[in-house]
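Here's the structure we're looking at; comments come further down.
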Amino acid sequence: MKKQKIVEGIEIIRLDNASSNTKGPVFEWKNFTNEKIVQITCYQRKKGVIFGNHFHKGIDSSKNPEMFLMVSGEADFSVYNKFSNEKKTIRIKEGDVIIIYPNVLHKFTAFTDVVYIEPRTTIFDKNDSDCFTPEEYENYTI
33 MKKQKIVEGI EIIRLDNASS NTKGPVFEWK NFTNEKIVQI TCYQRKKGVI FGNHFHKGID
93 SSKNPEMFLM VSGEADFSVY NKFSNEKKTI RIKEGDVIII YPNVLHKFTA FTDVVYIEPR
153 TTIFDKNDSD CFTPEEYENY TI
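Have a look at this one:
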């Protein structure tokens, strides 16, 4: 397992393949929260699709931090932290864990078809999603 800070508020963990057989890789994501997981959301996105493109204030505990495990495929992950004046785009792939702390604008562009999962400590409420637009980010202060 290799942990890398991308910008302030963003970490990527590259999980090791825990299997040495020919059936395919096994990625084990362990001890990532002390809270009870009440929902796991599985997302499928098509090649070329842009998703995310928002930020969180951390109102929802599932977004403080937000966590994903890339199950298959590759995507370009672009982040902007205006409070530390950092911008970066990296390629994420199968077996990568993405940890996104509040107040960082982030978006994904699917380089291939992708599947990723999000463990949640709260049930998702589309009317109170803790997701805010890039336009709101420009005027946002902490």
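According to our numbering, the sequence shown is numbered sequentially starting from 33. The beta-carbon is built from N, C-alpha and C at its ideal position, and this holds for glycine as well. Given the structure is predicted, the values throughout are model-derived calculations rather than measurements.
Checklist entry - What's the gap between the Cα of I72 and the Cα of G41? => result Between the alpha carbons of I72 and G41 lies a distance of about 23 Å.
Next on the checklist: Just list the residues that DSSP pairs I45 with in beta bridges.
Outcome noted: K35, V129, per the DSSP bridge assignment.
Checklist entry - Going by DSSP, which residues form a beta bridge with S110? => result Looking at the DSSP assignment, S110 forms a beta bridge with T121, K139.
Item to check | In chain order, each beta strand (DSSP E) run of at least 3 residues that lies wholly inside the region 54-97 | outcome: Uninterrupted beta strand (DSSP E) stretches at least 3 residues long and entirely within the region 54-97 occur at 71-77, 82-86, given in chain order.
Next on the checklist: Since A142 and G80 should fall inside the 8 Å C-beta cutoff, what is the C-beta to C-beta distance between them, to a whole number of angstroms?
Outcome noted: Contact holds; Cβ gap of about 6 Å.
Item to check | First and last residue of the uninterrupted alpha helix (DSSP H) at P166 | outcome: Residues 166-170.
Checklist entry - If we count the other Cβ atoms within 10 Å of its Cβ and call it buried at 16 or more, is Y112 buried or exposed? => result Looking at its Cβ environment, which holds 16 or more other Cβ atoms inside 10 Å, Y112 is buried.
Checklist entry - Just curious, the beta strand (DSSP E) that P151 is in, first and last residue? => result For P151, the enclosing beta strand (DSSP E) stretches over residues 146-152.
Item to check | Residue closest to K89, alpha-carbon to alpha-carbon, out of E67, K34, V136, I155 | outcome: Of the candidates E67, K34, V136, I155, the one whose C-alpha sits nearest the C-alpha of K89 is V136.
Checklist entry - Excluding five sequence neighbours on each side, which residues of the same chain lie with their C-beta closer than 6 Å to the C-beta of E150? => result Here the set comprises T73, F100.
Checklist entry - Taking all protein chains shown into account, do 16 or more other C-beta atoms lie within 10 angstroms of the C-beta of P166, making it buried, or fewer, making it exposed? => result Classification for P166: exposed.
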